[in-house]
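Encoded as structure tokens, the structure appears first; notes follow it.
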Ligand code: SF4
Ligand code: SF4
Ligand SMILES: [Zn+2]
């Protein structure tokens, strides 16, 4: 009897990468890899690599827990996902992190910028608009976990500090500044003023590569010295910083280990976030079947290039397990002690279950669950840290503090190729848009930016 060359695993809805139509998709396993098979009535069939680790992919499904939802929704569920953002009542996760784009403008013109930012593109949002956007986030979340001031490049907004002042006056638990670091490198007074917004304020610093030619390719500018100076200035005031590495296959995916090693040596750096992106638009003959950099591949490369971590140290984050991998470690005098391996993964999902993870160490268990309860701010860990320290076996360092905590994240954003309606509903990184709605980061870039909205309207009409 004829047998398929793959194993059929699941069915979902995806998008045609050409026309963005919602299409049926199968998830299949073939040669130890996970693929999505789809068919658009107009553009035919396509096959997309979505993971290169079948066991990890299957394990993601074990990390689901009941969704936390926002206090209000901003739209109705009418046309079906993803045409009703948002958030519409059908969404299955609140905003763990909300991005606020205070300007379209930027002092760089990265060829890969999803927002299309440049020195003269678009405009700055007015202070009133920004305040209303912040109020929207607070209305939805009451006490938002993390709000990220972003752009464009937020530090070039003429009322940048007034924006921070207003944000700080709201019940936001943690504020992040997403920046390319140019201003931070060039202006020490600016950095000192940023420091005055701590605690609960951290820097999310673009940091892709040590190689000038790679930075030139990815960012369109020579940035090596800028990066070094930015880190030096942040070290000087010890302002919490996460390095954000946009990973592109064949460009900088061989530098993962080196970046982690460097990060561990910087006083101000509390972690590294890796974001694989696809360069489909710019790459001739891009083949989604073979050329995609998937989350599981990044995870494998971390394990290969930073051997201090093992498979139990980099696990799915329950709030959005398809998109987020996380691992915590302690850094002590340049040495690293991974922590995540001490957590029993099943216990992350069930707070009612009182299984003791680590021998009799009930307290450590509870605290580790709190660490993993939200995916997006290393500072969220701060309150729990001291008690974790005293629970840890064999570490005799009474002066440990928040400075010693280090976190690795892989954050994979869904695009038209790997779009999976099942996963998008769990998206927990959202953008507050200029119509005062909360839109998942991914659907924003696919459908809700100004230049995409026309197509969205056509698709909505087709869908009814
Ligand atoms: S992505 Fe979420 S908010 Fe958007 S349409 Fe789907 S369920 Fe609704
Ligand atoms: S620095 Fe960021 S906002 Fe500016 S162009 Fe580059 S990717 Fe876009
Ligand atoms: Zn199509």
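In our numbering, the protein residues as written are 8 to 471. Positions of the beta carbon are idealized from the N, C-alpha and C atoms, including for glycine. Predicted model, so just to flag it, every value in this text is computed and none were measured.
| Query | Result |
| --- | --- |
| To which residues does DSSP link residue 414 through a beta bridge? | 278, 335 |
| May I ask you to check if the CB of residue 23 is nearer than 7 angstroms to at least one heavy atom of ligand 3? | yes |
| Consider the C-beta atom of residue 91 and the heavy atoms of ligand 1; say whether any pair is separated by less than 7 angstroms. | yes |
| Are the beta-carbon atoms belonging to residue 161 and residue 185 less than 8 angstroms from one another? | yes |
| Roughly how many angstroms lie between the CA atoms of residue 247 and residue 12, to the nearest whole one? | 50 angstroms |
| Report the rounded CA-to-CA distance for residue 237 versus residue 115, giving the unit in angstroms. | 16 angstroms |
| List the residues that DSSP assigns as beta-bridge partners of residue 173. | Partner(s): none; residue 173 has no beta bridge. |
| Tell me which residue opens and which closes the beta strand (DSSP E) that residue 21 is part of. | 14-22 |
| Just grab the DSSP bridge partners of residue 211 for me. | 185, 249 |
| Residue 58 lies in the beta strand (DSSP E); which residues open and close that run? | 51-58 |
| Answer with buried or exposed for residue 453, where buried requires no fewer than 16 other C-beta atoms within 10 angstroms of its C-beta. | buried |
| Would you say the beta carbon of residue 410 is closer than 7 angstroms to some non-hydrogen atom of ligand 1? | no |
| Between the beta-carbon of residue 45 and the beta-carbon of residue 56, is there less than 8 angstroms? | no |
| Determine the contact status of residue 150 and residue 101, defining contact as a CB-CB distance below 8 angstroms. | no |
| If you pair each beta-carbon of the segment 27-41 with each one of the segment 56-72, do three or more pairs fall below 8 angstroms? | yes |
| Of the residues 78, 77, 93, 76, which one's Cα is nearest the Cα of residue 84? | 93 |
| Would you decide whether residue 332 is buried or exposed? Buried here means 16 or more other CB atoms lie within 10 Å of its CB. | buried |
| Is any heavy atom in ligand 2 found nearer than 7 angstroms to the beta carbon of residue 462? | no |
| State the Cα-Cα distance for the pair residue 462 and residue 449, rounded to the nearest angstrom. | 16 angstroms |
| Between residue 396 and residue 314, what straight-line distance do the alpha-carbon atoms span, to the nearest angstrom? | Confidence is the limiting factor: at residue 396 the pLDDT is only 48, short of 50, which leaves the residue's position unreliable, though a coordinate-based value still follows. Rounded to whole angstroms, residue 396 to residue 314 spans 23 angstroms at the Cα level. |
| What does the shell around ligand 2 hold, if a residue joins when its beta-carbon is under 7 angstroms from any heavy atom? | 113, 115, 116, 117, 119, 120, 122, 124, 125, 158, 159, 160, 187, 213, 226 |
| To which residues of the same chain is residue 98 closer than 7 angstroms at the C-beta, ignoring the five residues directly before and after it? | 432 |
| Quick check: does the Cβ of residue 94 come within less than 7 angstroms of any heavy atom belonging to ligand 1? | yes |
| Taking 7 angstroms as the cut-off, is the beta-carbon of residue 29 closer than that to any non-hydrogen atom of ligand 3? | no |
| What's the C-alpha gap between residue 469 and residue 70? | 35 angstroms |
| With distances taken Cα to Cα, identify the nearest neighbour of residue 284 among 320, 205, 251, 274. | 251 |
| Give me, in chain order, the residues of the same chain whose beta-carbon lies closer than 8 angstroms to that of residue 139; leave out the 5 immediate sequence neighbours on both sides. | 443 |
| One question on the structure: do residue 191 and residue 278 come within less than 8 angstroms of each other, judged by their Cβ atoms? | no |
| Can the beta-carbon of residue 221 be found closer than 8 angstroms to that of residue 182? | no |
| Can you tell me whether DSSP reads residue 6 as helix, strand or coil? | In the structure as shown, the chain starts at 8 and stops at 471, and residue 6 therefore has no counterpart that could be examined. |
| What I want to know is whether the C-beta of residue 103 ends up closer than 7 angstroms to one or more non-hydrogen atoms of ligand 1. | no |
| Could you compute how far the alpha carbon of residue 401 sits from the alpha carbon of residue 336? | Because residue 401 carries a pLDDT of 42, less than 50, the predicted location of this residue cannot be relied on, and the following value inherits that uncertainty. So the alpha carbons of these two residues sit roughly 15 angstroms apart. |
| Keeping to the same chain, check which residues put their C-beta closer than 6 angstroms to that of residue 312; ignore five residues upstream and five downstream. | 263, 264 |
| Output the boundary residues of the alpha helix (DSSP H) element that contains residue 239. | 231-244 |
| On the CB-based measure, 16 or more other CB atoms within 10 Å of its CB, does residue 232 come out buried or exposed? | exposed |
| Is the beta carbon of residue 450 within less than 7 angstroms of some heavy atom of ligand 1? | yes |
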